[in-house]
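Colleague:
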Amino acid sequence: MYTTNLWRQLDLHRAKVILLGLLLAAGVSHAQKFKWAPRNNPNYDDRKWTYGFLIGLHTTSYQIKYADNFVTPDMDTVHSVIPDWKPGFSLGFIVNYRVNDYLDIRLTPEVAFYEHTLRYNYTDGTHQDQLVETTMVEFPFLLKYKSMRRGNVRMYVVGGAKPGIEASGKKELENISDGLEVKNLNMSLEAGIGLDLYFPLFKFSPEIRFSRGVSNILDNTRNKYGKPLNYVNTNTITIYLLFQ
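If you're matching positions, the sequence shown starts at 6 in the numbering used here and goes up one per residue.
(1) Could you work out which residue in Arg111, Leu247, Asp183, Pro88 is closest to Lys208 when comparing CA atoms only?
(2) Apart from the five residues on each side of it in sequence, which residues of its chain come closer than 6 Å, Cβ to Cβ, to Ala196?
(3) Please go through the same chain and pick out, in chain order, the residues whose beta-carbon is closer than 8 Å to the beta-carbon of Leu178, but skip the five residues on each side of it.
(4) To the nearest angstrom, report how far apart Asn235 and Lys151 are at their CA atoms.
(5) Taking just the CA atoms, how far does Pro92 sit from Phe204?
(6) If I'm right that His63 touches Phe98 with Cβ under 8 Å, what's the distance once you round it to whole angstroms?
(7) Going by DSSP, what residues sit across from Asn235 in a beta bridge?
(8) Leaving out five residues on either side along the sequence, give the residues of the same chain with a beta carbon under 7 Å from the beta carbon of Tyr251.
(9) Take the Cβ of Tyr5 as the centre, count every other Cβ of all protein chains shown within 10 Å, and call the residue buried at 16 or more, exposed below.
(10) Kindly list the residues whose CB is nearer than 8 Å to the CB of Ser173, restricted to its own chain and excluding five residues on each side of it in sequence; keep chain order.
(11) Quickly, what does DSSP pair His121 with across the bridge? List them, please.
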């Protein structure tokens, strides 16, 4: 049963990656036509500071490590714990500083809405899902390395760190003592690729970014949902639409 669930998760994840690749390929195809159009906003990249807003659509999942006592008699009722991928979205602002022709520093404070699910499979054939909903205020701090502009198109890569804090704060203890508990703070590393498309009045940038949590956000290992685990972090794939 565990093997079947694992392959199902891999198939779903593979399908999402393929979909993201097709979307990027479609963007590149459109950009080829856009590249030879009359040059829009030719002095845009001379600005030191630029501002804008972004919309993000993501899919996210927990990555877990089992506790040492998972194989002890005390945990003999739990067969496996399986993370699932869930969709969400984010909204934010863009503050971009131009260092030189090929390098920018970008800060994009945003509010992100997440759902994470862990499925607990038991040895009697039953299962139970734990849904964790969080609203995070995040502050991605990124370096953006750009190619040479060709017509109205410029490719780029980004990378950096993303600290985040839960906006809603901790719930009352009596409301969460029976569920999976996670910490208010999270830290992730990010990397992505995108296209700058120059229009007469603004710049539009579709971007794909991959985020991996580097901190253990598991908060309570004493209740029945925390006991099987000793490490939980986040994995997220996001499509951003940036307007500047």
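Ideal Cβ positions, reconstructed from N, Cα and C, are used throughout, including at glycine.
Modeller: This is what the structure gives:
(1) The residue labelled residue 208 in the question sits at position 203 within the sequence shown. Here the closest residue by C-alpha is Leu247.
(2) Working through the sequence shown from its first residue, we reach residue 196 at position 191. Excluding positions up to five away in sequence, the list reads Gly164, Phe215.
(3) Along the sequence shown, read from residue 1 onward, the residue named residue 178 stands at position 173. Residue placement at Leu178 is poorly supported in this model, since its pLDDT is 45, which falls under 50; the coordinates are not used for a value here.
(4) Against the sequence shown, residue 235 aligns to sequence position 230. Against the sequence shown, residue 151 aligns to sequence position 146. Taking the straight line from one Cα to the other gives about 40 Å.
(5) Indexing the sequence shown from 1 puts residue 204 at position 199. Indexing the sequence shown from 1 puts residue 92 at position 87. So the two alpha carbons sit approximately 30 Å from each other.
(6) Numbered from 1 along the sequence shown, position 58 holds the residue referred to as residue 63. Numbered from 1 along the sequence shown, position 93 holds the residue referred to as residue 98. With 8 Å as the limit, His63 and Phe98 do not qualify as a contact, their Cβ atoms being about 17 Å apart.
(7) Counting from 1 along the sequence shown, the entry for residue 235 is found at position 230. Answer is none; Asn235 lacks a bridge partner.
(8) Because the chain spans 6 through 249 in this model, residue 251 falls outside it and cannot be assessed.
(9) Residue 5 falls outside the range modelled here, since the chain spans only 6 to 249, and no answer is possible.
(10) Within the sequence shown, numbered from 1, the residue matching residue 173 stands at position 168. So the list reads Thr139, Thr140, once near-sequence residues are dropped.
(11) The sequence position of residue 121 within the sequence shown is 116, counting from 1. Beta-bridge pairing links His121 to Val137.
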